[in-house]
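J.: Below is the structure I would like to discuss, written out as structure tokens.
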Amino acid sequence: HQTQPGFTHWGSFAEFVAIHQADVNLVNLPETISSLEAASLGCRFATAFRAIVDQGQLNSGESIAIFGCGGVGLSAILIAKALEARVIAVDISPESLQKAKSLGADEVVNATEVRDVSQIIRELTGGGVHVSVDALGSLTTYQASLASLRKRGRHLQIGLMTGEHARPETPMGRVIADELQLYGCHGMQA
């Protein structure tokens, strides 16, 4: 049973909020980090960190494709670069891709300019990435993210898939044959 302030109960933008299980959901800030700096990290950074480090177990020298260069995706780029991974960022916005490049993405792919994003990624990496992240949560990004994986690759689904995107087709034959691992990633802790 998961809860999220602003989603499952009141919170997030209020002056005062009640935090359930505060003993595990709050941390003391070091004196070197201001409240303003900490607020900029928020959910997007903590979610990306847990997904990439704890669930995806990204290692130095591995490759990662990040689909969606918003707050979560850009945080994922910073984390992956800190882990010394090769980062490929995918988005449809030139501005977002420019920001991704400035934060350390090794390659960027504008999905509106290519026919098959996953094919480009497989070519860039010699067979696919070790880890793929769908930070957006659409049928298109989910399927391209899966298709960009190498054998025994790890897919991290961070972007929430709702409405018409809630039931994507999954190529189970490939998941089984290539021993792919699919992880749902939701917040700091599950």
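Numbering (our numbering), first residue to last: -18 to 171.
C-beta: ideal position from N, C-alpha, C; glycine also.
Computed from a predicted model, the values in this text were never measured in an experiment.
Contact check, Val71 vs Val98 under 8 Å by CB: the rounded distance?
T.: On the sequence shown, position 90 is the one that residue 71 refers to. On the sequence shown, position 117 is the one that residue 98 refers to. Correct: roughly 6 Å between the Cβ atoms.
J.: I'd like to confirm the pairing. Which residues does DSSP put opposite Gly118 in its beta bridges?
T.: Numbered from its first residue, the sequence shown carries residue 118 at position 137. Looking at the DSSP assignment, Gly118 forms no beta bridge with any residue, so it has no partner.
J.: From Ala81, His146, Ala29 and Arg131, pick the residue whose C-alpha is nearest to that of Thr122; which is it?
T.: Here the question's residue 122 lines up with position 141 in the sequence shown. When only C-alpha atoms are compared, the closest one is His146.
J.: Tell me which residues share the same chain as Thr106 and place their Cβ nearer than 6 Å to its Cβ, disregarding the 5 neighbours each side in the sequence.
T.: Taking the first residue of the sequence shown as position 1, residue 106 is located at position 125. For Thr106, where only same-chain residues beyond five positions count, the Cβ hits under 6 Å are Ser44.
J.: Since Glu145 is in the alpha helix (DSSP H), which residue starts that stretch and which ends it?
T.: Translated into the one-based positions of the sequence shown, residue 145 becomes position 164. It is not in any alpha helix (DSSP H) - Glu145 carries neither H nor E in the DSSP assignment.
J.: Please report how far the alpha carbon of Ala128 lies from the alpha carbon of Ser119, in whole angstroms.
T.: Taking the first residue of the sequence shown as 1, we reach residue 128 at position 147. Taking the first residue of the sequence shown as 1, we reach residue 119 at position 138. One C-alpha to the other measures close to 14 Å.
J.: Can you name, in chain order, every residue of its own chain whose Cβ lies under 6 Å from the Cβ of Ala171, other than the five neighbours on each side?
T.: Taking the sequence shown and counting its residues from 1, one reaches residue 171 at position 190. At Ala171, the pLDDT of 47 sits below 50, so the modelled position is not reliable and the matter cannot be decided from this model.
J.: So, helix, strand or coil for Gly108, using DSSP?
T.: Sequence index remark: in the sequence shown, residue 108 carries index 127 (1-based). Residue state for Gly108 is assigned as coil, using DSSP reduced to three classes.
J.: Contact defined as beta carbons within less than 8 Å: I believe Leu161 pairs with Gly134. What is the distance between those atoms, to the nearest angstrom?
T.: For the purposes of this step, residue 161 is identified with residue 180 of the sequence shown, where counting begins at 1. For the purposes of this step, residue 134 is identified with residue 153 of the sequence shown, where counting begins at 1. Sure, about 6 Å apart at Cβ, within 8 Å.
J.: In terms of DSSP beta bridges, what is Gly165 paired with?
T.: Position 184 of the sequence shown, counted from the start, is the residue given in the question as residue 165. Residue pairing by DSSP puts Gly165 in a beta bridge opposite Gln138.
J.: To which residues of the same chain is Ala27 closer than 8 Å at the C-beta, ignoring the five residues directly before and after it?
T.: Here residue 27 corresponds to residue number 46 of the sequence shown, with the count starting at 1. Cβ within range, chain order: Gly168 and Met169.
J.: In angstroms, rounded to a whole number, what distance separates the CA positions of Tyr164 and Phe30?
T.: Residue mapping note: residue 164 aligns to position 183 of the sequence shown, counting from 1. Residue mapping note: residue 30 aligns to position 49 of the sequence shown, counting from 1. Their Cα atoms are separated by approximately 14 Å.
J.: Spatial neighbours of Gln36 within its chain, please: C-beta separation below 7 Å, excluding the five flanking residues on both sides.
T.: Sequence index remark: in the sequence shown, residue 36 carries index 55 (1-based). Result list for Gln36: Leu137, Tyr164 and Cys166, in chain order.
J.: Is DSSP giving Val156 helix, strand or coil here?
T.: Looking up residue 156 in the sequence shown gives position 175. Residue state, collapsed to three classes: helix.
J.: Is the CB-CB distance between Ser41 and Ala66 below 8 Å?
T.: Along the sequence shown, one-based indexing puts residue 41 at 60. Along the sequence shown, one-based indexing puts residue 66 at 85. Going by C-beta atoms, Ser41 is nearer than 8 Å to Ala66.
J.: Would you list the residues sitting across from Ala46 in a DSSP beta bridge?
T.: Here the question's residue 46 lines up with position 65 in the sequence shown. Note: Ala46 sits in a beta bridge opposite Ile69 and Ser113.
J.: Starting from Val5, trace the alpha helix (DSSP H) both ways and give me its first and last residue.
T.: In the sequence shown, the residue the question calls residue 5 occupies position 24. Under the DSSP assignment, Val5 falls in the alpha helix (DSSP H) whose first and last residues are Ala3 to Asn6.
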